[in-house]
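Peer 1: Residue numbers (this note's numbering): 33 to 157. Just so it is clear, CB atoms sit at the ideal spot from N, CA and C, and this is done for glycine as well. A single structure is presented below for examination.
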């Protein structure tokens, strides 16, 4: 999960979590998929869970701004190896750069391809 930095730190000193809408929709896809989940949720159940996440004071969704195409062009120019499945991660990384977010908490090692991100593995001490 991307973590806000700098001016986005809350008054109590905690860093809020930020999720791109694409990740929220991926969560919906996975939790409702009968080949992925033994007992998948229906769309309403999954959406209710997402609404609960978004109602949390420590979490918000991030969306592209008008700067998104320019930031995407910059990142693609800096990282000519981007292709295939890495494009989905690039979208998240581009959103993060666009919003000044420098840290991501994830088990997905592909985010190490983006030198402007600090990748934090939540399961590593």
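Since residue 129 contacts residue 94 with CB under 8 Å, what's their CB separation in whole angstroms?
Peer 2: The Cβ separation is near 11 Å, so there is no contact.
Peer 1: Could you tell me which of 79, 101, 47, 99 sits nearest to residue 21, measuring between CA atoms?
Peer 2: Given that the chain is displayed from residue 33 to residue 157, the structure contains no residue 21 and the question cannot be resolved.
Peer 1: Between 52, 106, 66, which lies nearest to residue 85 when the distance is taken from Cα to Cα?
Peer 2: Ranked by how close their Cα comes to the Cα of residue 85, the residues 52, 106, 66 have 52 in first place.
Peer 1: Assess contact between the stretch 120-135 and the stretch 144-157, defined as three or more Cβ pairs (one per stretch) separated by less than 8 Å. Is contact present?
Peer 2: yes
Peer 1: Taking the alpha helix (DSSP H) that residue 84 falls in, what are its first and last residues?
Peer 2: 75-87
Peer 1: Tell me whether residue 50 sits in a helix, a strand or coil according to DSSP, three-state version.
Peer 2: Reduced to three states, the DSSP call for residue 50 is strand.
Peer 1: Kindly identify the DSSP beta-bridge partner or partners of residue 91.
Peer 2: 49
Peer 1: At the level of alpha carbons, what is the spacing between residue 91 and residue 106?
Peer 2: Going from the Cα of residue 91 to the Cα of residue 106 covers about 28 Å.
Peer 1: Among residues of its own chain, excluding the 5 on either side of residue 124, which ones have a beta-carbon nearer than 6 Å to its beta-carbon?
Peer 2: 52
Peer 1: Within its chain, find whatever has a CB closer than 8 Å to the CB of residue 113; leave out the 5 residues flanking it on each side and keep chain order.
Peer 2: 145
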